[in-house]
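Chemist: Under this note's numbering, the sequence shown has 156 at position 156, and the numbering climbs by one with no breaks.
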Amino acid sequence: MSFQDIAKCVRVAAASAGIHLTMSRMNDAIALACYGKKYAAVVAAEKAGKLSGIPTPPPNIASVARQYRVDEHVFGLSLREGIEGRAHAATTPVEDAMAWLLSRHREELHRLEQHELLEVADPTLVQRVLSEAGFQTMALIGFAEWVIAEGTVLQNGRHEKVADLLLHSTSRPAWNARQRAYLTAVAATPLRLYMVESVIAGYQLTLRPVGVPGAALLLVSERAGSQPNLVGSFLGARVIAHGEQLELAGGIFPFNPLAGMRVSEELRQSVSDGAISRTIRSGWFQQFDQPMPKVVLAGSGEPLWLITDTYRCPAVDVLADRLASDPQVEGGSDMGWSLMVPGEDGRTRSVCSINLDEEAPEKVTVFYQSEGRASRYRPWFESLVGAAVTFVERESLDPYEAAKVPALAAAAQHAPRPPKEAAGAIAAAMYHHLYEDFADRSIPMFDGATPRQMLKQPGGEGRVRELLALYEGNERQLAHQEQREALDLDFLYEKLGLARIAALVMTQGPGMYPEQFAPNDAWIVFRLFDDPMPVKDVACGVAGFGLMDAGSACMLNFHLLPADRDFSEIEARSFFQSLKVTRPSRPPRRLYFGSDVGSAALTGEVSRLNIPVVVVDPLDLDGIVGAAREGFSDRFDAYF
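1) Can we say the stretch 527-543 touches the stretch 617-637, given the rule of at least three CB pairs closer than 8 Å?
2) Going by C-alpha distance, which of 455, 427 and 520 is nearest residue 485?
3) Using the C-alpha atoms, what's the distance from residue 472 back to residue 489?
4) Can you tell me whether residue 614 is helix, strand or coil according to DSSP?
5) Using only alpha-carbon positions, find the residue among 582, 475 and 597 that is nearest to residue 528.
6) Please state the DSSP three-state secondary structure of residue 545.
7) Since residue 643 and residue 450 should fall inside the 8 Å C-beta cutoff, what is the C-beta to C-beta distance between them, to a whole number of angstroms?
8) So, residue 622 versus residue 25, is the Cβ gap smaller than 9 Å?
9) Tell me which same chain residues have a C-beta within less than 7 Å of the C-beta of residue 569, skipping the five on either side of it?
10) Please work out which residues of its chain come closer than 7 Å, Cβ to Cβ, to residue 43, disregarding the five sequence neighbours upstream and downstream, and give them in chain order.
11) Would you say the beta carbon of residue 460 is closer than 8 Å to some non-hydrogen atom of the ligand SAH?
12) Which residues bound the alpha helix (DSSP H) around residue 180?
13) Below 7 Å CB to CB, which residues in the same chain sit around residue 273 once its five sequence neighbours on both sides are set aside?
14) Within this structure, are the beta carbons of residue 234 and residue 271 separated by less than 9 Å?
15) Roughly how many whole angstroms lie between the Cα atoms of residue 626 and residue 322?
16) When the distance is taken between beta carbons, is residue 186 closer than 9 Å to residue 94?
17) With residue 440 as the anchor, note down where its alpha helix (DSSP H) starts and where it stops.
18) According to DSSP, residue 349 sits in a beta bridge with which residue or residues?
19) Rounded to the nearest angstrom, how far is the Cβ of residue 521 from that of residue 546, given a contact under 8 Å?
20) Going by DSSP, which residues form a beta bridge with residue 198?
21) With DSSP as the reference, identify every bridge partner of residue 160, one or two as the case may be.
22) I need the straight-line Cα distance from residue 74 to residue 205, nearest angstrom please.
23) To the nearest angstrom, report how far apart residue 325 and residue 354 are at their CA atoms.
24) What are the start and end residues of the beta strand (DSSP E) that includes residue 316?
25) For residue 577, count neighbouring Cβ atoms within 10 angstroms of its own Cβ and tell me buried if that reaches 16, exposed if not.
26) Would you kindly work out how many angstroms separate the C-alpha atoms of residue 328 and residue 313, rounded to a whole number?
27) Beta-carbon separation of residue 707 and residue 77 under 9 Å?
28) Go through its chain and collect everything with a Cβ distance to residue 404's Cβ below 8 Å, but skip five positions before and after it.
29) By DSSP, does residue 501 sit in helix, in strand, or in coil?
30) Just reading off the beta strand (DSSP E) that residue 245 is part of, what are its end residues?
31) Do residue 525 and residue 591 count as a contact pair if the criterion is CB distance below 9 Å?
32) What would DSSP say about residue 168, mapped onto helix, strand or coil?
33) Once you ignore the five residues that flank residue 38 on each side, which residues in its own chain have a CB closer than 7 Å to its CB?
34) Is it the case that the Cβ atoms of residue 367 and residue 307 are separated by a distance below 9 Å?
35) Just list the alpha helix (DSSP H) runs in the stretch 587-613, keeping only unbroken ones of 4 residues or longer that don't cross its boundaries, in chain order.
36) Determine which residues share a DSSP beta bridge with residue 331 and list them.
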């Protein structure tokens, strides 16, 4: 097999192990681990017949894993599997620990299980939850970690901590370094409640510790569980250190936002690690059997209730004309209509929405967020449109029935979904409920200061706007996941007395992603290749530069030129103005330059255009430009 063939096998093994890098970065990681040189140089050496066989194991795994921010152990297994073939599946350290405990302390382990599962919540409720396969697995993993971290067993007349038996007793198993490190971390880390502040799907969760004043936000590496619909939900988990990053241990207790809020209030009364742990574990079971609290509409105080009236409408043009005759109606047939009415607090809000059914042309639905609104505005609608419509039926929906416990994606993905209008109403009510005291709430990323206090500090307004932009980015991401329109979060700005102006989205952390930007807010200038690409007639090789819109990840332009020269003035001007797509009506608010671009001509042209520039680490751009870089690298030979 050629090195390229082996690299393909390694990439497949790495993907199956949960390592998600762009192809160009993965190729370089493999080449550097095996030969200490980047992929292009290794392939060139192979073509020249100067490449030796791959050593087993490759010598440079640890440093490359650190450089590319991947798990050293998993990367090493992927290299071995890609080079030598698939290895046998390994058990987890927690599974190994429980197997050892069963062989030595079966009766004590059974006692712990009965005590935990029968006393943590009502036994009938516990058994009902455990009858669901997904929840059963979750509960048992959580139980296993609780045994390791907090459990005790009776041995020789004395109660011994399970963690001490596993890690320090003379009869302990012969753990390898990875198993010992993991079990030590689980045993030393208390179970805590976290709120999911933001998600980078397939990569990372940003968690806010609940009930810990002044605690910093945690950036937690998580691949499988980092789904956009987790934003705003709560997790009970042990956040453990693994190398240079934080990870979630396997035992996770997900809560929906309202159940999480209940538990967070109960935790105010819990002071010891054991009491906090029990409150979280008990609350996780209890959320399956608790009624949702009443959520009211902002402005009117009416209870939230979702009502949809269906009508038959054979003449949509007549309907549109009559709705257009009312000056309080906004919208049109393409996006639907809304009746906008001032509320008791002086704010103008939509009190009902009218939509055409895309699949049934003669079907019209009118949606209300409360029974009171339905009673008041159904007569308005039917009087306005008259004989243009014929009433068919009314659907009245409790907004929480369809999703009492939506945090577990695997169990919720087949649950019935409320209509798009209902999803938006639920989200709007939830935001107003969760952020009622936003302006005066202590924010960990502000070192415990509130947004109102932060506005009084030098540079504080910029930091507050970054936080608001982060919330808005999360809402756009969540709305896309729920297939609904993103909500307007103006009320957060109003609470602080801030005007809506363009603001820089926070890009701290592992990188930048399209969800953080609106289309045409920012463009990115980046290198297409890490190293010059070899071309027959160009001794120095070819360098490539790309121009991309950050919000849409749309490639606006690219340019190739010999690696030993810069853009000419005309080429630099053309790079920004002669785009390969329809030119936007206005320039972007800012440009992000990869720090490796190194083009004085491009910098000069941007200065002439008077566009603010932010220089960033190229690795931080990978979440947006990675696919384009990969595509150009893979297809370069086809162009030349």
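Ideal Cβ positions, reconstructed from N, Cα and C, are used throughout, including at glycine.
None of these values were measured; they are calculated from a predicted model.
Modeler: In this structure, then:
1) With the cut-off at 8 Å, the stretch 527-543 and the stretch 617-637 touch.
2) To locate residue 485, count along the sequence shown from 1; it is residue 485. It is 427 whose Cα lies nearest to the Cα of residue 485.
3) What you label residue 489 is simply residue 489 of the sequence shown in a count that begins at 1. What you label residue 472 is simply residue 472 of the sequence shown in a count that begins at 1. Just so you know, the alpha carbons of residue 489 and residue 472 end up roughly 7 Å apart.
4) By 1-based counting over the sequence shown, the position of residue 614 is 614. If DSSP states are grouped into helix, strand and coil, residue 614 belongs with the strands.
5) Locating residue 528 in the sequence shown gives position 528, where the first residue counts as 1. Ranking the options by Cα distance to residue 528, first place goes to 597.
6) By one-based count along the sequence shown, residue 545 stands at place 545. Of the three classes helix, strand and coil, the one that applies to residue 545 here is strand, per DSSP.
7) With the chain covering only 1 through 640, there is no way to say anything about residue 643.
8) For this step, residue 622 is matched to residue 622 along the sequence shown. For this step, residue 25 is matched to residue 25 along the sequence shown. Contact flag set, yes.
9) Residue mapping note: residue 569 aligns to position 569 of the sequence shown, counting from 1. The residues are 601.
10) Translated into positions along the sequence shown, residue 43 becomes position 43. Here the set comprises 3 and 4.
11) The ligand SAH is not among the ligands present in this structure, which contains no ligands whatsoever.
12) Here the question's residue 180 lines up with position 180 in the sequence shown. It spans 177-188 - the alpha helix (DSSP H) in which residue 180 sits, taken as one unbroken run.
13) For the purposes of this step, residue 273 is taken as the residue at position 273 of the sequence shown. For residue 273, where only same-chain residues beyond five positions count, the Cβ hits under 7 Å are 190.
14) Along the sequence shown, read from residue 1 onward, the residue named residue 234 stands at position 234. Along the sequence shown, read from residue 1 onward, the residue named residue 271 stands at position 271. In terms of Cβ geometry, residue 234 and residue 271 do not form a close pair [threshold 9 Å].
15) Locating residue 626 in the sequence shown gives position 626, where the first residue counts as 1. Locating residue 322 in the sequence shown gives position 322, where the first residue counts as 1. Put simply, the backbone Cα of residue 626 is about 50 Å away from that of residue 322.
16) Counted from its first residue, the sequence shown places residue 94 at position 94. Counted from its first residue, the sequence shown places residue 186 at position 186. A contact, by the Cβ cut-off of 9 Å.
17) For the purposes of this step, residue 440 is taken as residue 440 along the sequence shown, with counting starting at 1. Run containing residue 440: none; DSSP gives neither H nor E here.
18) Reading the sequence shown from its first residue, position 349 is the one you call residue 349. Answer by DSSP bridge pairing, in chain order: 341.
19) To locate residue 521, count along the sequence shown from 1; it is residue 521. To locate residue 546, count along the sequence shown from 1; it is residue 546. Contact flag wrong, Cβ pair sits at about 18 Å.
20) As a working note, residue 198 is residue 198 in the sequence shown. Note: residue 198 sits in a beta bridge opposite 206.
21) In the sequence shown, residue 160 corresponds to position 160, counting from 1. Residue 160 pairs with 153.
22) Position 74 of the sequence shown, counted from the start, is the residue given in the question as residue 74. Position 205 of the sequence shown, counted from the start, is the residue given in the question as residue 205. Spanning the two alpha carbons is a distance of roughly 20 Å.
23) Numbered from 1 along the sequence shown, position 325 holds the residue referred to as residue 325. Numbered from 1 along the sequence shown, position 354 holds the residue referred to as residue 354. The alpha-carbon atoms of residue 325 and residue 354 are separated by roughly 15 Å.
24) In the sequence shown, the residue the question calls residue 316 occupies position 316. It is not in any beta strand (DSSP E) - residue 316 instead sits in the alpha helix (DSSP H) that spans 316-324.
25) Residue mapping note: residue 577 aligns to position 577 of the sequence shown, counting from 1. By the neighbour-count rule (16 or more Cβ atoms within 10 Å), residue 577 is not buried but exposed.
26) Counting from 1 along the sequence shown, the entry for residue 328 is found at position 328. Counting from 1 along the sequence shown, the entry for residue 313 is found at position 313. Taking the straight line joining both Cα atoms gives about 22 Å.
27) The question about residue 707 has no answer, for the chain in this structure spans 1 to 640.
28) Position 404 of the sequence shown holds residue 404. Here residue 404 scores only 42 on pLDDT, less than 50, and its place in the model should not be relied on; the value that follows carries that caveat. So the list reads 256, 287, 288 and 292, once near-sequence residues are dropped.
29) Here the question's residue 501 lines up with position 501 in the sequence shown. Any reading at residue 501 must be qualified, since the residue scores a pLDDT of 49, below 50, and its modelled position is unreliable; the value itself is stated next. Here residue 501 carries a coil assignment [DSSP, helix/strand/coil].
30) If you number the sequence shown from 1, residue 245 lands on position 245. Start and end: 245-248.
31) Sequence index remark: in the sequence shown, residue 591 carries index 591 (1-based). Sequence index remark: in the sequence shown, residue 525 carries index 525 (1-based). Yes. Within cutoff.
32) Walking along the sequence shown from the start, residue 168 turns up at place 168. In the three-state reduction of the DSSP assignment, residue 168 falls in the coil class, being assigned neither a helical nor a strand state.
33) One-based indexing of the sequence shown puts residue 38 at position 38. For residue 38, where only same-chain residues beyond five positions count, the Cβ hits under 7 Å are 28, 31, 32, 530 and 531.
34) The residue given as residue 367 occupies position 367 in the sequence shown. The residue given as residue 307 occupies position 307 in the sequence shown. Taking 9 Å as the cut-off, the Cβ atoms of residue 367 and residue 307 count as close.
35) Scanning the stretch 587-613 for uninterrupted alpha helix (DSSP H) segments of 4 residues or longer gives 600-609, listed from N- to C-terminal end.
36) Position 331 of the sequence shown holds residue 331. Note: residue 331 is bridge-paired with 337 in the DSSP secondary-structure output.
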